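Engineer: Residue numbers for the sequence shown follow the working numbering, so the first one is 26 and each next one is one higher. Cβ coordinates follow ideal geometry from the N, Cα and C atoms, glycine included. These numbers come from a predicted model, not from an experiment.
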Amino acid sequence: RIRHSLKARRDETDFRNTQGLLKVLQEREDLGEHELYYFDESGFSQSSPVPYAWSPIGQPFEMTAYSHSRRLNVLGFLSRAGKLVYHTSTEPVTTETVIEAFDQFVAQKDPDTFAIVVLDNASMHRSKAFRRKIMEWMSHRVHLVYLSAYSPELNLIEILWRQMKYAWLPLSAYLSFDHLSKEVCRLLDGYGSERTINFE
Numbered sequence: 026r027i028r029h030s031l032k033a034r035r036d037e038t039d040f041r042n043t044q045g046l047l048k049v050l051q052e053r054e055d056l057g058e059h060e061l062y063y064f065d066e067s068g069f070s071q072s073s074p075v076p077y078a079w080s081p082i083g084q085p086f087e088m089t090a091y092s093h094s095r096r097l098n099v100l101g102f103l104s105r106a107g108k109l110v111y112h113t114s115t116e117p118v119t120t121e122t123v124i125e126a127f128d129q130f131v132a133q134k135d136p137d138t139f140a141i142v143v144l145d146n147a148s149m150h151r152s153k154a155f156r157r158k159i160m161e162w163m164s165h166r167v168h169l170v171y172l173s174a175y176s177p178e179l180n181l182i183e184i185l186w187r188q189m190k191y192a193w194l195p196l197s198a199y200l201s202f203d204h205l206s207k208e209v210c211r212l213l214d215g216y217g218s219e220r221t222i223n224f225e
C-alpha cells in the first residue's frame, strides 16, 4: 500500500527535538509520574478505502461503491497502557467539537492523576476558542504538548486508526452506515480488553 508522506515539509531539527521530548515523557510515564495520551481525529465512511479481501479465482468479491457517504468522526485519546477515551460525531469536526471532546476527557479523568495530551497543529487545536480553554484544563491537571509540524508518525493514535480501517473492521461493516457506526464503536469499546496494540 502506497502512503503519502509529509517528511519533506517538516523541520528535521524540530522533529528530532519533539521525538526526544516524547521519549522522556514516555520514560516518566513508565515511572508513574503522569499518564500520557495521544489525541487525534479520524473519519469513517462507506466511501473510505476498504481492506484487501481474498476470494476464489473467477469469483471477485464486490461491494457497492459510494461516492458520497455519511461520515462518523471519532476524536480519541489513546495511551500506550491500553486506555482509550473517545468522542463521536456525525457532524463536521469544528473547534467546538474538539473542545467538547477535551471537556469530556477531563470530566472522566481521575482528578488526582496528572495527564499530558499530545496533539498535532491542526487549526482547530490552535484556534482562539481552543486556547482559551487550556488554562481551565490545566487546573484539572491536564497539560497539552504540541507535536512538531508535519510529524504524524509521532502521534501513536494514528496506528490505531490504521489498524481499525485496514485490519480490524470486517468488510460487512461497510454494507450500511449504521452497521459501520456500530462496528467502529464496538472496536473502540473493546480496545484494551478484546484488542490492543503493543507500542513497545
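1. Report the rounded CA-to-CA distance for Arg26 versus Ala192, giving the unit in angstroms.
2. Can you tell which of Ser104, Glu66, Asp203, Asp36 has its C-alpha closest to the C-alpha of Gln51?
3. Considering only the beta carbon of each residue, do Asp65 and Glu178 sit closer than 8 Å?
4. For Asn98, which residues does DSSP report across the bridge?
5. What are the boundary residues of the alpha helix (DSSP H) that includes Ala154?
6. State yes or no: is the C-beta of Leu97 within less than 8 Å of the C-beta of Phe69?
7. Within the present structure, is the beta-carbon of Glu60 separated from the nearest heavy atom of the ligand MN by less than 7 Å?
8. Per DSSP, Ile141 forms a beta bridge with which residues?
9. Smallest Cα separation from Gln129: which of Leu100, Tyr199, Arg41, Leu144?
10. In terms of DSSP beta bridges, what is Ser104 paired with?
11. Given this structure, state the Cα-to-Cα distance separating Ala126 from His165, to the nearest angstrom.
12. Which residues in the same chain have their Cβ closer than 8 Å to the Cβ of Pro195, if we skip the five residues on either side of it in sequence?
13. With a threshold of 7 Å on Cβ separation, who are the neighbours of Ile222 within its own chain once the five nearest residues in sequence on each side are excluded?
14. Where do the N-terminal and C-terminal ends of the alpha helix (DSSP H) with Leu205 fall, by residue?
15. So that I know if they touch, is there some Cβ in chain D lying closer than 8 Å to that of Gly107?
16. Please list, in chain order, all residues of the same chain as Tyr216 whose beta carbon is under 6 Å from its beta carbon, the five residues on each side excluded.
17. What does a CB cutoff of less than 8 Å around Glu58 pick up in its chain, not counting 5 residues either side in sequence?
18. Give the DSSP-derived three-state secondary structure of Arg230 in the structure shown.
19. Around the C-beta of Gln71, are 16 or more other C-beta atoms found within 10 angstroms, so that it is buried, or is it exposed?
20. Can you give the beta carbon distance from Leu181 to Tyr111, rounded, assuming they're within the 8 Å contact cut?
21. Tyr62: which of Thr119, Cys210, Ser206, Leu172 sits nearest, CA to CA?
Structural biologist: Checking against the coordinates, here is how it stands:
1. Confidence in Arg26 is poor, its pLDDT being 49 and thus under 50, which makes the residue's placement unreliable; the coordinate value appears in the next sentence. Looking at the two C-alpha atoms, the distance is approximately 13 Å.
2. Nearest to Gln51 by alpha-carbon distance, out of Ser104, Glu66, Asp203, Asp36, is Ser104.
3. In terms of Cβ geometry, Asp65 and Glu178 do not form a close pair [threshold 8 Å].
4. In DSSP, Asn98 forms a bridge with Gly68, Ser114.
5. Start and end: 153-164.
6. With a cutoff of 8 Å on beta-carbon distance, Leu97 and Phe69 are scored as near each other.
7. Among the components of this structure there are no ligands whatsoever, and the ligand MN is therefore not found.
8. Under DSSP, Ile141 forms a beta bridge with Leu61, His168.
9. Closest by alpha carbon: Leu100.
10. Note: Ser104 sits in a beta bridge opposite Tyr62.
11. When rounded, the distance between both Cα atoms is 15 Å.
12. Result list for Pro195: Glu208, in chain order.
13. Taking Ile222 as the centre and dropping the five residues before and after it, the same chain places the C-beta of Ile184, Leu185, Gln188 closer than 7 Å to its C-beta, in chain order.
14. Taken as a continuous stretch (DSSP letters only), the alpha helix (DSSP H) holding Leu205 covers 202-215.
15. In the structure shown, chain D cannot be found, because there is only a single protein chain.
16. Correct list, in chain order: Leu109.
17. Excluding sequence neighbours, Glu58 sits near Phe139.
18. An answer regarding residue 230 cannot be provided, because it is not within the stretch 26 to 225 covered by the chain.
19. By the C-beta density criterion, Gln71 is buried, having at least 16 other C-beta atoms within 10 angstroms.
20. Separation of the CB atoms of Leu181 and Tyr111 is rounded to 15 Å, and the pair is thereby denied contact status at 8 Å.
21. Considering only alpha carbons, the answer is Leu172.
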